[in-house]
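Residue numbers are given in UniProt numbering: position 53 of the sequence shown equals residue 53, and the series is strictly consecutive. C-beta atoms are modelled at their ideal positions from N, C-alpha and C, and glycine is treated no differently. Reviewing the structure listed below.
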Amino acid sequence: MIIRKYDRKDCKAITKLFYDTVHTINRKHYTRAQLNVWADGYPDLDLWTSRFLSSHTLVAFDDGVLVGFGNIDDQGCLDMLYVHKDHQHKHIATMLCDQLEKLTQCKITTYASITAKGFFEKRGYKLIKTNNVIRKGIALTNFLMEKE
Numbered sequence: 001m002i003i004r005k006y007d008r009k010d011c012k013a014i015t016k017l018f019y020d021t022v023h024t025i026n027r028k029h030y031t032r033a034q035l036n037v038w039a040d041g042y043p044d045l046d047l048w049t050s051r052f053l054s055s056h057t058l059v060a061f062d063d064g065v066l067v068g069f070g071n072i073d074d075q076g077c078l079d080m081l082y083v084h085k086d087h088q089h090k091h092i093a094t095m096l097c098d099q100l101e102k103l104t105q106c107k108i109t110t111y112a113s114i115t116a117k118g119f120f121e122k123r124g125y126k127l128i129k130t131n132n133v134i135r136k137g138i139a140l141t142n143f144l145m146e147k148e
């Protein structure tokens, strides 16, 4: 497994991984309508690239295949952490998160999905509050969590 910094050429593969993972792994906790507003399949690659270049973004590859990615900003906001739908339970999220957390000296915050909440709890994140985010009129539940 290789974990390295994000490169612009990674963006298309990241958005595919994101879509496939959300629609496969998160479907046990969210409805089809919720999944469709979370990951609609029409990403703005320039916007995603800007998001990743303005934060510390890491990508994980195994045998040349993108298996995960994550990012954290200078204020300690862990924005995204996703693992390929076919590579779950291989400690990829743990390895990425270990490295991302080392990139800031701040208190770390994240908005965890229902699916990811347990992962973050095991890492010592504390629940601050439950959120209902509205996207295109559809409510999505997530959890604001913090780690000192």
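Separation of PHE69 and VAL83 (C-alpha to C-alpha, rounded to the nearest whole angstrom) is 7 Å.
DSSP places MET145 in the strand class (E or B) of the three-state scheme.
Straight across, the Cα-Cα distance linking ASN26 with TYR125 is about 20 Å. Per DSSP, the continuous beta strand (DSSP E) segment holding ILE72 begins and ends at 65 to 72.
The beta carbon of ASP73 lies closer than 6 Å to those of SER55 in the same chain, with the five residues before and after it left out. Judged by DSSP secondary structure, MET80 falls within the beta strand (DSSP E) whose first and last residues are 77 to 83. Comparing alpha carbon positions, the residue from ASP63, ILE92, LYS102, ALA60 closest to CYS77 is LYS102. Spatial neighbours of PRO43 in its own chain (CB-CB distance under 6 Å, excluding positions within 5 residues in sequence) are listed in chain order as THR15. The beta carbon of ILE2 lies closer than 6 Å to those of PHE61 in the same chain, with the five residues before and after it left out.
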